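If you're matching them up, the sequences are chains A and B in order. Here the working numbering is used: the first residue of the first sequence is 1, the next is one more, and so on. Here the working numbering is used: the first residue of the second sequence is 1, the next is one more, and so on. Report on the structure given below.
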Amino acid sequence: GAVVSQHPSRVICKSGTSVKIECRSLDFQATTMFWYRQFPKKSLMLMATSNEGSKATYEQGVEKDKFLINHASLTLSTLTVTSAHPEDSSFYICSARFPEAQDSETQYFGPGTRLLVL
Amino acid sequence: DQQVKQNSPSLSVQEGRISILNCDYTNSMFDYFLWYKKYPAEGPTFLISISSIKDKNEDGRFTVFLNKSAKHLSLHIVPSQPGDSAVYFCAATFTGNQFYFGTGTSLTVIP
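Now the structure itself:
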């Protein structure tokens, strides 16, 4: 079955530095990927929709200059947290929409990346 | 390979009847399981969870059952309401550091 991987699985960084998280679809081409952030009550907040070859669409309240998303290929999307601060510490999850069902909500999720900013 | 599977991509149920959503997993190390509900263009919302030390957890109309020997998880919604129409994802985790999600089941509750 299709798998979406994320790298790294866990990262600790100093405040003010930038961190890049990769999301890869391992055996299918994902034209659309999504980035989520998990909050303490476990729900996932949609941050942005990443479309291959075009600019990401950010949800209201998400700073596009702080959370840089690049979807350079059909199998890779990256999220860069720039000038990270402790309040950015969270669990970030990506997902990829089924390639053959562009209108479907069903998705393949990555395992997540835990970011801790000191 | 997918460690958490939802083999039914869609399900239709009459209002008032029971909805049963199923989820299978392969990794016996998972110790915590969750169900999420997702509306279009939103992030998945946490619905209900269960620890591996239990076999049932109930919250209002929602009940999650865990069968560890079969590595099977199910979510029961009784009675089903039109507002329950959404995509439901199951997820599993161990150590709480990584989540493994199923691919989702789209539930339609017919009025």
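Beta carbons are placed, not taken as given, at the ideal position from N, Cα and C, and that holds for glycine. Computed from a prediction, not measured in an experiment: that's the story for all the values here.
Status (buried if at least 16 other CB within 10 Å, exposed otherwise) for residue i
i      : result
R10(A) : exposed
S40(A) : A small fix is needed here, since residue 40(A) is Pro in this sequence, not Ser. The residue is exposed, with fewer than 16 neighbouring Cβ atoms inside 10 Å.
Q6(B)  : buried
K37(B) : buried
C-beta neighbour in chain A for residue i, strict 8 Å
i      : result
Q2(B)  : yes
G16(B) : no
G60(B) : no
Y88(B) : no
Beta carbon proximity, residue i to chain B, threshold 8 Å
i       : result
V19(A)  : no
Q107(A) : yes
I12(A)  : no
T112(A) : Residue identity differs from the one stated: residue 112(A) is Gly in this sequence, not Thr. Taking Cβ atoms only, chain B reaches closer than 8 Å to G112(A), which makes this a yes.
V3(A)   : yes
I93(A)  : yes
Y58(A)  : no
M45(A)  : yes
S9(A)   : yes
K55(A)  : no
K42(A)  : yes
Spatial distance of residue i from residue j (CA atoms)
i       : j       : result
T75(A)  : V64(B)  : 34 Å
S52(B)  : F30(B)  : 8 Å
G60(B)  : P111(A) : 29 Å
P79(B)  : L26(A)  : 39 Å
V13(B)  : G43(B)  : 24 Å
P9(B)   : K14(A)  : 42 Å
F101(B) : Y39(B)  : 16 Å
H71(A)  : T57(A)  : 11 Å
Short Cβ contact (8 Å threshold) for residue i with residue j
i      : j       : result
T78(A) : I21(A)  : yes
N27(B) : S74(B)  : no
V19(A) : L115(A) : yes
K42(A) : L34(B)  : yes
How do the segment 80-97 of chain A and the segment 26-42 of chain A stand: do at least 3 beta-carbon pairs fall below 8 Å, yes or no?
-> yes
Touch test, the segment 9-28 of chain B against the segment 37-51 of chain B, Cβ-Cβ under 8 Å, three pairs minimum | Touching, no.
What residues in the segment 61-74 of chain B have a beta carbon less than 9 Å from any beta carbon of chain E?
-> Among the protein chains of the structure shown, namely A and B, there is no chain E.
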